[in-house]
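In the numbering used here, the protein residues as written are 47 to 225.
For each residue, glycine too, the CB sits at the ideal point set by N, CA and C.
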Amino acid sequence: MRQRFSYQRSHTLQHRPRFNEQIRVTEVLFVSEQGAEKMTTAAALELARQQGLDLIEVSPKAVPPVVKIGDYGSYLYQLKKKEKRQKAHSKQTEVKVIRFGYRTDTGDLDRQASRSREFLAERHMVKVMIVLRGRELSNKEYGISKLNKFVQSLSDVSEVDQTVKRQGNNFIVILRPKK
47 MRQRFSYQRS HTLQHRPRFN EQIRVTEVLF VSEQGAEKMT TAAALELARQ QGLDLIEVSP
107 KAVPPVVKIG DYGSYLYQLK KKEKRQKAHS KQTEVKVIRF GYRTDTGDLD RQASRSREFL
167 AERHMVKVMI VLRGRELSNK EYGISKLNKF VQSLSDVSEV DQTVKRQGNN FIVILRPKK
């Protein structure tokens, strides 16, 4: 039976570190517990073989490239763990958008406020936007006061990151969670 080709490939470690015979430079900087020393790749590879381990290229862009002796499988495992840890710690905050209009009533505003509280509890920034259309633009003070009232209702869980600003026919405020 024919094996199917999968288009999904693991994006982790696409450029794996070279090891053993894959290292094709003549001279390397060999790093061990005793220190670092320059030697030929063949000599470093022979040392690795004597210990029953692999010669792993740690820093290929250095001149000469830095290598060390170790188990290649466990080295890859440690790299994957390190990448996973870095990815988990580098979670970026999103800017969530809450939109309402000039004629939006209090019940809908309360629902939007509770949704904004959830976003702020998840440590996201919230962009509150009031949309004004047509003749509503002539009474923009009412829209701005409605926006300020909405921001005031969230003042216990948020701080104003960017004050009221006009953006086309909209007025926006950006809130960030309190620290």
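On a CA-only basis, which of the options is nearest residue i? Give me that one, please.
{"i": "R95", "options": "K211, Q213, G116", "result": "G116"}
{"i": "I220", "options": "E182, V174, E187", "result": "V174"}
{"i": "Y148", "options": "V74, G189, V203, V206", "result": "G189"}
{"i": "K225", "options": "I218, G214, D202, Q213", "result": "D202"}
{"i": "V109", "options": "N194, L75, N185, V206", "result": "L75"}
{"i": "F146", "options": "R50, Q68, F196", "result": "F196"}
{"i": "Q213", "options": "K126, K186, R222", "result": "K186"}
{"i": "D156", "options": "R48, S199, V172", "result": "S199"}
{"i": "E168", "options": "L91, P223, L93, L193", "result": "P223"}
{"i": "I144", "options": "D154, S136, Q138", "result": "D154"}
{"i": "Y118", "options": "Q49, T152, Q68", "result": "Q68"}
{"i": "K192", "options": "G81, E92, V210", "result": "V210"}
{"i": "A88", "options": "E73, V172, S136", "result": "E73"}
I need the DSSP call for residue i, collapsed to helix, strand or coil.
{"i": "T139", "result": "coil"}
{"i": "R149", "result": "coil"}
{"i": "T7", "result": "Beyond the ends of the chain as shown, which are 47 and 225, falls residue 7; an answer cannot be given."}
{"i": "D100", "result": "strand"}
{"i": "K225", "result": "coil"}
{"i": "L75", "result": "strand"}
{"i": "P110", "result": "coil"}
{"i": "K126", "result": "helix"}
{"i": "T58", "result": "Its pLDDT being 49, under 50, T58 is placed unreliably by the model, and nothing is read from it."}
Just to check my reading of the structure: residue i and residue j have Cβ atoms closer than 8 Å, yes? What is that Cβ distance to the nearest angstrom?
{"i": "P111", "j": "V141", "result": "Their Cβ separation, rounded to whole angstroms, is 42 Å, which puts P111 and V141 out of contact at 8 Å."}
{"i": "N216", "j": "L178", "result": "7 Å"}
{"i": "K114", "j": "V77", "result": "5 Å"}
{"i": "S160", "j": "V172", "result": "Not quite, the Cβ-Cβ distance comes to about 12 Å (not below 8 Å), so this is no contact."}
{"i": "H170", "j": "T139", "result": "5 Å"}
By the DSSP assignment, the alpha helix (DSSP H) with residue i in it spans what residues?
{"i": "L193", "result": "186-199"}
Could you pull the start and end residues of the beta strand (DSSP E) that residue i belongs to?
{"i": "Q213", "result": "204-213"}
{"i": "G180", "result": "Per DSSP, G180 belongs to no beta strand (DSSP E) and is neither H nor E."}
* To do: Inspect the CB distances between the region 97-104 and the region 60-69 and report whether three or more fall short of 8 Å.
  => They touch, by the three-pair rule.
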